[in-house]
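This report refers to the structure that appears directly beneath it.
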Amino acid sequence: MRQKNKRQGEKHSWRRDFQILGRGIRFVGRLEPRMIPIGIIKALCPALSPFVSIIMTSQILNTLLTTRDVQTLAAQVLITIGLNWFFSSLADWSVNYRNVLILSMARKQWMQLSTKMMEMDYQTAENPQTHLLYQQIWDRCVYMGRDLWGVVEKIESLIQGLISVVVSIGITAALFISVPTAENASPFTRVMASPYLSAALLALVVLSVVASVMFSLRQNKAVIKMSADKEFSRGNRIFDYYINHLQDYKTGKDVRLYHQRTLIREEFNRSYNGVSKKLIALCRCNGRFESLRSAVSVTVSGLVYLFVGCKALAGLLSVGNIVQYTGGVTQFISGFSMLMTQLADLKMMSKDFEFYFDYLDRKNVLPHGDRCIKSTADGRHELEFRDVSFRYPGSENWVLRHVNLKLAAGERLAVVGVNGSGKTTMIKLLCRLYDPVEGQILLDGVDIREYDYEAYQNLFSVVFQDFKLFALEVAQNIAADVDYDPARVEEALRQAGLWERVQAMEKGIETPVYKEYYADGVEISGGEAQKLAIARALYRQAAFVILDEPTAALDPISEFEIYSRFDSMVGERTAVYISHRLSSCRFCRRIVVFDNGEVIQSGSHEELLQDEGGKYYQLWTAQAQYYDEESQGEPDGLGMAAASEPS
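The numbering of the sequence shown is the numbering used here, which starts it at 998 and goes up by one.
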């Protein structure tokens, strides 16, 4: 019963693998429609050209040894030259064309993977399983050379093997057919003409092919086992991390100043050695099977040559037949072995497609509603956290617990608290990067999960702590688009206090940021990058402006300028401001204090300071003392001591 279940499982596995493979072939065809037809043309040339040489050489030899007709001989030679030239030219053209298509398909393949990542909701994209799938795809493509276009190569080889088998059977069938012999034939001739000897040789050829296929299956099994090894994928991720780290010129100062070369080299070697050991073990395994396969092939080929030679000595074959049969049997062995090997390889490649499709088929976990957001006369909306609790997927620790918070239209709200108190997580929920585990977030009294997902997110302009800029033009970074309004870009830069710096650049707002890809790119400081991120948020003109530690990299003067212009920058829009610097929160009409994922205080700056036992008073006093000691001589309004005076 167990054996029967095993056979049924293997049958199901083969069927499922080839269903996935069929989807993969259709997928490749859609990705690059010309790839498969060109691959078929490429397969025909190496499949047929050997038989041109085998058959025509046999015919030429027979002509030389029999009729010696010059015209026939000349025609045979010309046909041989013409066919060889045709197949050679067609093969060269198809190879060159296919190489161009491979570059095109590789670009489309990685673009599709990147597009899928951008289309995932944030919770799905951040899931470790998503990263593992992507890494496994990367491992197969980069470390194992198994890009998706490889399926076309397998199909090419499959077609080539099939043609070789069919044609070789056609030209060698007579070798294994018993030929009647004269009554006075010698015992040697009778033995060589025996059908049993031919059948034995044929069985030996088939067994050699079966053995070759078994060796290929064992090889593939070893490859699949290693490619599914999580330690192998983890080692590759670490390896890639250090490669990218060393190639990033922005890390060069730290590497040199702290002499990190030895540290990085040791970690690099540790990850590389772990991966290298597995690859070496795989190569040794493959080497053993390749040696066995070669030994079987050479032995059987030798026996075939011996058999054909003996038949010729017995007078059963002509010289031309010797060339035809030995060449035909050799092509049959290699062709059938190739056919079976490619079938096994295609089965294995279904695993590659399985990872690929598992990645592309990942569903967004956040529900996307279809409710339209009602327009208001002033374009403003109200938000409410109603008993919201949240923990990250896979974690048992609550990050937010029973948060109740209302954000009125046009309000300026400051959110403060120590690191890890839940401030940034609250912003992620507000922007619907995640959904609450418990409770609701309401927009104008309606659960935000009912609204159209993209329409809801378009309500927010956000500057995160870990914001990113692209190595693109200043204007494109601000507009987050190829097309932009230069006047709006200038206005956003002026409000963020960066216009004079950009205006002084050689190409102005068209100047590329950073030097990764453009020689005329401009390196900007951390503070300038932060101003650029603020300008991007202002350019969007969304209903809500959220600034998460927006002045962390700014000098005190620039920080004060941002604060003093904050009302004019935000205008009538609703604003949420997160900061560790409590002095920067006084311009907000209301301040909420987070601690251990809960809102523990809410009120104006003056109201919160009256509660001397409260968290806000403790934080304010600690920071004010630091500024009193360290910030003597600052311009009025920049220090905590100045900010603590009544307004």
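The beta-carbon is built from N, C-alpha and C at its ideal position, and this holds for glycine as well.
For residue i, which of the options has the nearest alpha-carbon?
i	options	result
K1371	R1359, F1584 and L1440	L1440
Y1119	D1444, R1359, N1394 and A1477	R1359
S1191	F1173, S1111 and L1204	F1173
E1123	L1110, D1367 and L1430	L1430
A1040	Y1453, S1154 and L1544	S1154
P1184	M1117, S1091 and C1307	C1307
L1314	Q1454, Q1615 and T1186	T1186
L1404	M1211, L1380 and Y1389	L1380
M1566	Q1615, E1488 and S1580	E1488
P1390	Q1126, M1117 and M1114	Q1126
Y1356	K1151, Q1454 and T1121	T1121
W1107	L1028, L1080 and T1069	L1028
R1095	D1449, D1066 and P1030	P1030
S1581	Q1607, E1546 and L1606	E1546
V1396	M1423, R1377 and A1406	M1423
M1114	I1099, H1399, Y1131 and R1104	Y1131
G1325	L1018, L1194, L1045 and L1616	L1045
S1209	E1393, L1110, A1341 and V1479	A1341
Do residue j and residue i count as a contact pair if the criterion is CB distance below 9 Å?
i	j	result
Q969	G1147	Nothing can be reported for residue 969: it is not among the residues displayed for the chain, which extend from 998 to 1644.
I1330	S1291	no
E1520	K1512	yes
F1352	Q1133	yes
I1038	L1087	yes
L1363	D1444	no
L1402	S1599	yes
E1393	R1586	no
For residue i and residue j, I'd like the C-alpha separation in whole angstroms.
i	j	result
V1385	V1413	18 Å
S1644	E1603	Note that S1644 scores a pLDDT of 31, beneath 50, so its modelled location is shaky; the value from the coordinates is reported in the next line. Each residue's alpha carbon lies about 9 Å from the other.
G1646	V1025	The question about residue 1646 has no answer here: the residues shown for the chain are numbered 998 through 1644.
V1162	N1270	43 Å
W1082	A1072	15 Å
V1434	F1387	5 Å
Q1016	A1472	48 Å
L1075	G1021	43 Å
M1502	C1369	43 Å
K1348	P1034	24 Å
K1528	C1428	21 Å
S1647	H1128	A question about residue 1647 goes unanswered here, because the residues of the chain that appear run from 998 up to 1644.
L1426	A1516	40 Å
N1361	E1451	13 Å
R1012	V1049	37 Å
R1023	V1316	48 Å
T1077	F1084	11 Å
S1628	R1583	Confidence in S1628 is poor, its pLDDT being 48 and thus under 50, which makes the residue's placement too unreliable to answer from.
A1200	M1337	17 Å
R1491	G1568	15 Å
Comparing the CB of residue i with every heavy atom of the ligand SAM, is any distance shorter than 8 Å?
i	result
G1600	No copy of the ligand SAM occurs in the structure displayed, which carries no ligand at all.
With respect to the beta strand (DSSP E) encompassing residue i, which residues constitute its N-terminal and C-terminal limits?
i	result
E1435	E1435 to L1440
A1411	R1409 to V1413
F1185	Where F1185 is concerned, there is no enclosing beta strand (DSSP E), although the alpha helix (DSSP H) it sits in stretches over P1184 to M1189.
R1587	R1587 to D1592
L1544	F1541 to D1545
L1363	Element bounds for L1363: n/a, residue is neither H nor E.
L1380	L1380 to F1387
F1457	F1457 to V1460
How is the alpha helix (DSSP H) around residue i delimited, first residue to last?
i	result
I1475	V1471 to A1476
D1349	V1316 to L1357
F1467	First-last for F1467: undefined, no H or E at that position.
T1571	Per DSSP, T1571 belongs to no alpha helix (DSSP H); it is in the beta strand (DSSP E), T1571 to I1575.
L1397	That residue, L1397, is in no alpha helix (DSSP H); its beta strand (DSSP E) goes L1397 to L1404.
D1089	V1067 to E1116
L1061	M1032 to L1062
S1647	An answer regarding residue 1647 cannot be provided, because it is not within the stretch 998 to 1644 covered by the chain.
E1488	P1483 to A1493
V1499	W1496 to Q1500
L1579	First-last for L1579: undefined, no H or E at that position.
Q1607	H1602 to Q1607
L1430	Counting along the chain, L1430 falls outside any alpha helix (DSSP H), and DSSP gives it neither H nor E.
Y1131	P1125 to W1135
Using a Cβ-Cβ distance cut-off of 9 Å, determine whether residue i contacts chain D.
i	result
W1011	Of the chains in the structure shown, none is chain D; there is only one protein chain.
Between the region 1525 to 1541 and the region 1456 to 1473, are three or more C-beta pairs nearer than 8 Å? yes
Are at least three pairs of beta-carbons, each pair with one atom in the region 1572 to 1591 and one in the region 1404 to 1413, less than 8 Å apart? yes
Do three or more CB pairs link the region 1415 to 1424 to the region 1590 to 1607 at distances below 8 Å? yes
Does the count of Cβ pairs from the region 1050 to 1061 and the region 1308 to 1325 closer than 8 Å reach three? yes
Is it a yes or a no for the region 1448 to 1461 touching the region 1496 to 1513, going by three-plus beta-carbon pairs under 8 Å? no
Do the region 1211 to 1218 and the region 1278 to 1289 touch if we need at least three Cβ pairs shorter than 8 Å? yes
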